[in-house]
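Chemist: Once you've had a glance at the structure underneath, I'll fire off some questions.
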């Protein structure tokens, strides 16, 4: 038997085939391609020229002013001056946190890293299923331990001296706000979600009112409430610092969103689970605690990660109430006399940090969703 | 069911279920306890507030709204320092609505284009769209606004240096400078009074034709005349009016640079430009994802079946894919509009005088923390509620269309 195998035309395979299929399939496709290429060229050229080719990387004082005057003498605009970022890198990261106490932050990071590696190892093998409980307990314990480590005991303490929460700033504060916001809001959100599905009208109405009110107003108004109204509505002996008040605001705000996430998880549990739990004689509390909630919480983990990412970005709003988180520090840096007029560099750097963190987290959550088979249900 | 409930009531009747195990009584007690706790906390909080007021010799009242504000607001409807606090609040509300309405229109367009671009078969176009979406969605809006305002808009060239116009000039003329954006704008002239009845007639004619067309469509299964005729009629009536009425009812007012300022046309402040642009770009990325999800939600078989029946590609998009995609798109789209409106409160970060920023000034000036806070909440909640109301109406209509 002879097979007459004609080779496919070159325009259908290989690089040319790919180009034709993806870039030049019709005449307007070709137009779009050319237009896009022009756009990419224009943007990349501008960015690379400004950020790298004509940029100043020297960290010597006055380097930026010098670069600018050189450029002005030559009759052109100056490129980026990255020394504002390079000299302030510590400020961006920890802000006003005392520099001699930085080991505490490293210590906290080590605790988190060790726990993360342990989690990964334990969850990977079925053999270590018994150890999972200990890892969860470790995570729960890590919160108070890290809080004490970062804050210290009292001013006179020899071991860990007090670092008031109002000194926490920079990326550190951004993460503290986001993590405390999500962790503290979860139990509240859980209660609110259960309240919203409760058979008791008083609880239901209260939960619905709370959730819908908070979701209907911007975060900034809730932060405003925590800053100005808490001191008014609490007795004078219960006053606390701005950072703590911001944390209260974040938590109250985030709880409404956690509640809606949990409600989604509860709605996804088949009715048969409730009926089966009732049939084996569990009462309402045990049914929720042993049967329904464990399944519901597992289902909402991806949604909670998503909420954490948006909370992480939303922490930037504390700038408006005067806190120095990453964006607040950036704003303060643009006011330094040595680096007048370098807003572009500073805000781009801050945005880059936000981008890296939240992109990494959303990539992680996509992997998590695949691992948990979210799409396949 | 009947059996068990009658057994239950029988048991009750015999007193076999003591009241402390009767589920109905337990529920009532639980609710009562909850209400009492909530009320107690509320009373405690209000008591603290009363003490706070007493220390300062204040009372809770909204009477301060009638007082002279004695600060200036240079954005939106005219305001002078002798106007009242109430008017200041109104200025803020109007400014928020201005940003929200312009923003919603523009962001819908941007989101639609990007969402469709993201699904384009063209590799470059879909990747440019996804880079834009990822960059925007993974950075905070406030950081974007700071960048836009402090690093871009305030760094634009000045309007005029010496005798030369240094602003970025686009045909129109549109002047873009660190003083904001000046562009041509239609102004009503004197003859507009005799022209506007034509507009109403045009609207009536178009609606009547539309109803006739729909009627024909229901009876014969196809429209008796094309949609183009409706549009033509709608445009023709005002055009006739334009010829009949003496003079031009609308005149294009063109900005002119006079001294150090632009006059005429419409002038948008740099804060307004930065806030609107920032909100449009930010929300657009989210709308793009909504649009993409909506289009992907229409099963492939729908388009294939239509193609098999001989529909053209435009007909498939217009009659098969879009109506079904819209059903998925509209609810999340409206909640994005709501997000845009709420996010406009970030205006205070870049000194745009929206509802929140004006309230903040009012509060610093008058010291009426709780009153102003209640006003802010009421304003945002009524906006949210009206948007959710629209959403519910739309949802119901969509459901009727469905089967």
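Protein chains in written order, with my numbering: chain X, 1 to 377; chain U, 378 to 780. From the three backbone atoms N, C-alpha and C, an ideal C-beta is built for every residue, glycine too. This one's a predicted model, so the numbers in the text were calculated from it and none came from an experiment.
1) Let's test the definition: count the other Cβ atoms within 10 Å of the Cβ of residue 640/U and tell me whether it reaches 16, buried, or not, exposed.
2) Which chain X residues sit within Cβ distance under 8 Å of residue 754/U?
3) Going by DSSP in three states, residue 582/U sits in which element: helix, strand or coil?
4) Applying a beta-carbon distance threshold of less than 7 Å, which residues of chain U neighbour residue 268/X?
5) Assuming contact is defined by CB atoms lying nearer than 7 Å, are residue 646/U and residue 452/U in contact in what I supplied?
6) Measuring CA to CA, which of 193/X, 129/X, 352/X is closest to residue 300/X?
7) Of all the CB atoms in chain U, is at least one closer than 7 Å to the CB of residue 157/X?
8) So which residues of chain X does residue 412/U contact, with C-beta pairs closer than 8 Å?
9) Report the residue from 216/X, 371/X, 95/X whose alpha carbon sits nearest the alpha carbon of residue 298/X.
10) Please list the residues of the segment 621–634 of chain U that have a C-beta atom closer than 8 Å to any C-beta atom in chain X, keeping them in chain order.
11) State the DSSP-derived secondary structure class of residue 25/X, mapped to helix, strand or coil.
12) Of all the alpha helix (DSSP H) runs that stay within the bounds of the segment 77–128 of chain X, which reach a length of 4 or more residues?
13) So is residue 632/U buried or exposed if we call it buried at 16+ other beta carbons inside 10 Å?
14) Output yes or no for whether 7 Å exceeds the beta carbon distance between residue 284/X and residue 219/X.
15) Whole angstroms are fine: how far does the CA of residue 89/X sit from the CA of residue 331/X?
16) Under the DSSP definition of a beta bridge, which residues are partnered with residue 532/U?
17) Return the CA-CA distance between residue 147/X and residue 329/X, expressed in angstroms with no decimal places.
18) Quick one: what's residue 628/U bridged to in DSSP?
19) Looking at the structure shown, is residue 473/U part of a helix, part of a strand, or coil, going by DSSP?
20) Note the first and the last residue of the continuous alpha helix (DSSP H) segment covering residue 7/X.
21) Among all the DSSP beta bridges, which residues are the ones paired with residue 378/X?
22) Go to residue 457/U, then tell me how far its beta strand (DSSP E) extends in each direction, as first and last residue.
23) Does the beta-carbon distance from residue 132/X to residue 122/X come in below 7 Å?
24) Please confirm if residue 426/U has its CB atom under 7 Å from at least one CB of chain X.
25) Quick one: which chain U residues come within Cβ less than 9 Å of residue 409/X?
26) Given a threshold of 16 other Cβ atoms within 10 Å of its Cβ, counted over all protein chains shown, does residue 572/U qualify as buried or as exposed?
27) Over what stretch of residues does the alpha helix (DSSP H) that includes residue 554/U continue unbroken?
28) In chain order, what residues of the same chain have a beta carbon less than 8 Å from the beta carbon of residue 729/U, not counting five sequence neighbours either side?
29) Looking only at its own chain, which residues have a Cβ that is under 6 Å from the Cβ of residue 655/U, when we skip the five neighbours before and after it?
30) How would you label residue 495/U, buried or exposed, when you count the other beta carbons within 10 angstroms and need 16 or more for buried?
31) Find out if the Cβ-Cβ distance for the pair residue 661/U, residue 488/U is shorter than 7 Å.
32) Considering only the beta carbon of each residue, do residue 621/U and residue 583/U sit closer than 7 Å?
33) For residue 41/X, count neighbouring C-beta atoms within 10 Å of its own C-beta (all shown protein chains included) and say buried if the count is 16 or more, exposed if not.
34) Residue 324/X to residue 164/X, Cα distance in whole Å?
35) When the Cα atoms are used, what is the spatial distance from residue 431/U to residue 425/U?
36) Do three or more CB pairs link the segment 737–752 of chain U to the segment 461–469 of chain U at distances below 8 Å?
Modeler: From the atom records:
1) Looking up residue 640/U in the second chain gives position 263. By the 10 Å Cβ count, residue 640/U comes out exposed.
2) Taking the first residue of the second chain as position 1, residue 754/U is located at position 377. By Cβ distance, chain X contributes 213, 217, 221.
3) Numbered from 1 along the second chain, position 205 holds the residue referred to as residue 582/U. Look at residue 582/U here: in three-state DSSP terms it is helix.
4) The residue labelled residue 268/X in the question sits at position 268 within the first chain. The premise fails here: residue 268/X is roughly 19 Å from chain U at the closest Cβ pair, so nothing lies under 7 Å.
5) The residue given as residue 646/U occupies position 269 in the second chain. The residue given as residue 452/U occupies position 75 in the second chain. Against a cut-off of 7 Å, the Cβ pair of residue 452/U and residue 646/U comes out as a contact.
6) The residue labelled residue 300/X in the question sits at position 300 within the first chain. Comparing Cα-Cα distances from residue 300/X to each of 193/X, 129/X, 352/X, the minimum goes to 193/X.
7) For the purposes of this step, residue 157/X is taken as residue 157 along the first chain, with counting starting at 1. Chain U contact via Cβ: absent.
8) Locating residue 412/U in the second chain gives position 35, where the first residue counts as 1. Near residue 412/U (Cβ distances below 8 Å), the residues of chain X are 202.
9) Mapped onto the first chain, residue 298/X falls at position 298. Closest in C-alpha terms to residue 298/X, from the list 216/X, 371/X, 95/X, comes 371/X.
10) For the segment 621–634 of chain U, the set of positions with a beta-carbon nearer than 8 Å to some beta-carbon of chain X is empty.
11) Position 25 of the first chain, counted from the start, is the residue given in the question as residue 25/X. DSSP, read as helix, strand or coil, puts residue 25/X in coil.
12) Runs found: 83–87, 89–94, 102–124.
13) As a first step, residue 632/U must be located in the second chain, where it is residue number 255. Buried is the call here.
14) Your numbering for residue 284/X matches position 284 in the first chain. Your numbering for residue 219/X matches position 219 in the first chain. No.
15) Within the first chain, numbered from 1, the residue matching residue 331/X stands at position 331. Within the first chain, numbered from 1, the residue matching residue 89/X stands at position 89. Distance from the CA atom of residue 331/X to the CA atom of residue 89/X, rounded to whole angstroms, is 14 Å.
16) Counting from one through the second chain, the residue named residue 532/U turns up at place 155. The partner list for residue 532/U (beta bridge, DSSP) is empty, contrary to what the question assumes.
17) Residue mapping note: residue 147/X aligns to position 147 of the first chain, counting from 1. Residue mapping note: residue 329/X aligns to position 329 of the first chain, counting from 1. The C-alpha of residue 147/X lies about 22 Å from the C-alpha of residue 329/X.
18) Residue 628/U sits at position 251 when you count from the first residue of the second chain. 564/U.
19) As a working note, residue 473/U is residue 96 in the second chain. Reduced to three states, the DSSP call for residue 473/U is helix.
20) Working through the first chain from its first residue, we reach residue 7/X at position 7. The continuous stretches of alpha helix (DSSP H) do not include residue 7/X, and DSSP gives it neither H nor E.
21) No answer is possible for residue 378/X: the residues shown for chain X start at 1 and end at 377.
22) For the purposes of this step, residue 457/U is taken as residue 80 along the second chain, with counting starting at 1. In the DSSP assignment, residue 457/U falls outside any beta strand (DSSP E), carrying neither H nor E.
23) In the first chain, residue 132/X corresponds to position 132, counting from 1. In the first chain, residue 122/X corresponds to position 122, counting from 1. With contacts defined by Cβ atoms closer than 7 Å, residue 132/X and residue 122/X form a contacting pair.
24) As a position in the second chain, residue 426/U is number 49, starting the count at 1. At least one beta carbon of chain X lies nearer than 7 Å to the beta carbon of residue 426/U.
25) The structure shown has nothing for residue 409/X, since chain X only spans 1 to 377.
26) Position 195 of the second chain, counted from the start, is the residue given in the question as residue 572/U. Classification of residue 572/U: buried, given that the 10 Å Cβ count is 16 or more.
27) Taking the first residue of the second chain as 1, we reach residue 554/U at position 177. Run containing residue 554/U: none in the alpha helix (DSSP H); it sits in the beta strand (DSSP E), 551–554.
28) Working through the second chain from its first residue, we reach residue 729/U at position 352. Same-chain partners within the cutoff: 452, 472, 476, 646, 648, 649, 651, 652.
29) As a working note, residue 655/U is residue 278 in the second chain. If we look at residue 655/U and ignore the five residues flanking it on each side, its Cβ neighbours are 521, 522, 525.
30) For this step, residue 495/U is matched to residue 118 along the second chain. Residue 495/U is classed as buried because its beta carbon has at least 16 other beta carbons within 10 Å across all chains shown.
31) Translated into positions along the second chain, residue 661/U becomes position 284. Translated into positions along the second chain, residue 488/U becomes position 111. Cβ distance < 7 Å, so residue 661/U and residue 488/U count as in contact.
32) Counted from its first residue, the second chain places residue 621/U at position 244. Counted from its first residue, the second chain places residue 583/U at position 206. For residue 621/U and residue 583/U, no; Cβs fall outside 7 Å.
33) Translated into positions along the first chain, residue 41/X becomes position 41. Burial state of residue 41/X is exposed, judged by a 10 Å Cβ sphere holding fewer than 16 other Cβ atoms.
34) Here residue 324/X corresponds to residue number 324 of the first chain, with the count starting at 1. Here residue 164/X corresponds to residue number 164 of the first chain, with the count starting at 1. Between residue 324/X and residue 164/X, the alpha-carbon positions lie close to 14 Å from each other.
35) Here residue 431/U refers to the residue found at position 54 when the second chain is read from its first residue. Here residue 425/U refers to the residue found at position 48 when the second chain is read from its first residue. Spanning the two alpha carbons is a distance of roughly 10 Å.
36) Yes, since at least three Cβ pairs between the segment 737–752 of chain U and the segment 461–469 of chain U fall closer than 8 Å, the two stretches touch.
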